[in-house]
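Each number in the working numbering corresponds to the 1-based position in the sequence shown with 7 added. Every residue, glycine too, gets a C-beta built ideally from N, C-alpha and C. Heads up, the thing below is written out as structure tokens.
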Amino acid sequence: MASLMNNKGKIISVDHHKDRVMTLRMRLESFKVTCCEVIEQDFLKFSDYDPIFENVTHVLLDPPCSGSGVVNRVDFSDDEAMDENRLKRLSNLQAMMLKKALSQSSVMRCVYSTCSIYEEENEAVVEEILKTFGDQFALEEALPGWTHRGLDTYEFGSLCVRCSPEEDMTNGFFVAVFQRKDPNGAFEIPNQMDVDRTTD
8 MASLMNNKGK IISVDHHKDR VMTLRMRLES FKVTCCEVIE QDFLKFSDYD PIFENVTHVL
68 LDPPCSGSGV VNRVDFSDDE AMDENRLKRL SNLQAMMLKK ALSQSSVMRC VYSTCSIYEE
128 ENEAVVEEIL KTFGDQFALE EALPGWTHRG LDTYEFGSLC VRCSPEEDMT NGFFVAVFQR
188 KDPNGAFEIP NQMDVDRTTD
């Protein structure tokens, strides 16, 4: 992303996992990236009016997910794949993070992406968000030239991207792009209860 921006502008990267933050900071330093600020914090713990986000116009949301699309993932098992309770916890967390991102008044565009093959983490999350934010955001077609699209059981499925190891020779992943309809003002969501972040 920094390369696409020619190391100009401002990127804010938020992650609450210390190890990932340390790795990212080392890589940024190695590649001499100066346009990225890395913050070690839970995204959901930020105030909706935190000044750090007041000028953020674009969001790439890569939330915690099952990782079910990652080829040869060593810590993924068939038993885990069948754990519906874990999937529910993950999808709830993903929806909360997406709502948080879209509630920022300056955000015009948000890309939601997972490395999951499960409907619960992908189209089902998008459907839930559109029920709440449909008057504020619309889906744009993600990667129009990509052959494989979202599930056709959803009206918006063709606007999303799905990849699978079997069909695309890639890791499995999902992408949806939200574009703000009206640039004036954000949609405020009600106060939410604490989210169960225990997904493992």
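Check residue i in the structure and name its three-state DSSP category.
i, result
"D216", "Nothing about residue 216 can be reported from this structure: the residues present for the chain run from 8 to 207 only."
"L67", "strand"
"T121", "strand"
"V78", "coil"
"S54", "coil"
"S209", "Look at the range of the chain in this structure, 8 to 207, and you will see that residue 209 is not part of it."
"S208", "The question about residue 208 has no answer, for the chain in this structure spans 8 to 207."
"M200", "At M200, the pLDDT of 41 sits below 50, so the modelled position is not reliable and the matter cannot be decided from this model."
Where does residue i land, buried or exposed, given buried means 16+ other C-beta within 10 angstroms?
i, result
"V78", "exposed"
"R213", "With the chain covering only 8 through 207, there is no way to say anything about residue 213."
"D82", "Any reading at D82 needs caution, since the residue's pLDDT is 48, under 50, leaving its predicted position unreliable; the model's value is listed next. Label assigned to D82: exposed."
"N240", "In the structure displayed, the chain extends from 8 to 207; residue 240 sits before or after that span and is not available."
"R34", "exposed"
"Q48", "exposed"
Terminal residues of the continuous beta strand (DSSP E) containing residue i?
i, result
"Q186", "F180 to R187"
"I46", "C43 to E47"
"A145", "F144 to E147"
"S98", "Here S98 belongs to no beta strand (DSSP E); instead the alpha helix (DSSP H) covers E91 to L109."
"V168", "V168 to C170"
Does the distance between the C-beta of residue i and the nearest non-hydrogen atom of the ligand GTP fall short of 6 Å?
i, result
"Y125", "Absent from the structure shown: the ligand GTP. Ligands present: none."
For a cutoff of 7 Å on Cβ pairs, would you count residue i as touching chain B?
i, result
"L35", "Here chain B cannot be found, since the structure has a single protein chain."
Would the beta-carbon of residue i fall within 7 Å of that of residue j?
i, j, result
"I124", "S75", "yes"
"S98", "V63", "no"
"V66", "A108", "yes"
"V40", "V28", "no"
"F50", "C122", "no"
"E130", "V184", "no"
What distance in whole Å lies between the Cβ atoms of residue j and residue i, which are believed to be in contact at a cut-off of 8 Å?
i, j, result
"C42", "I19", "Not quite, the Cβ-Cβ distance comes to about 10 Å (not below 8 Å), so this is no contact."
"P58", "M104", "Contact flag wrong, Cβ pair sits at about 20 Å."
"E61", "S113", "6 Å"
"E135", "A102", "5 Å"
Return the first residue and the last residue of the alpha helix (DSSP H) that residue i is part of.
i, result
"V133", "E130 to F140"
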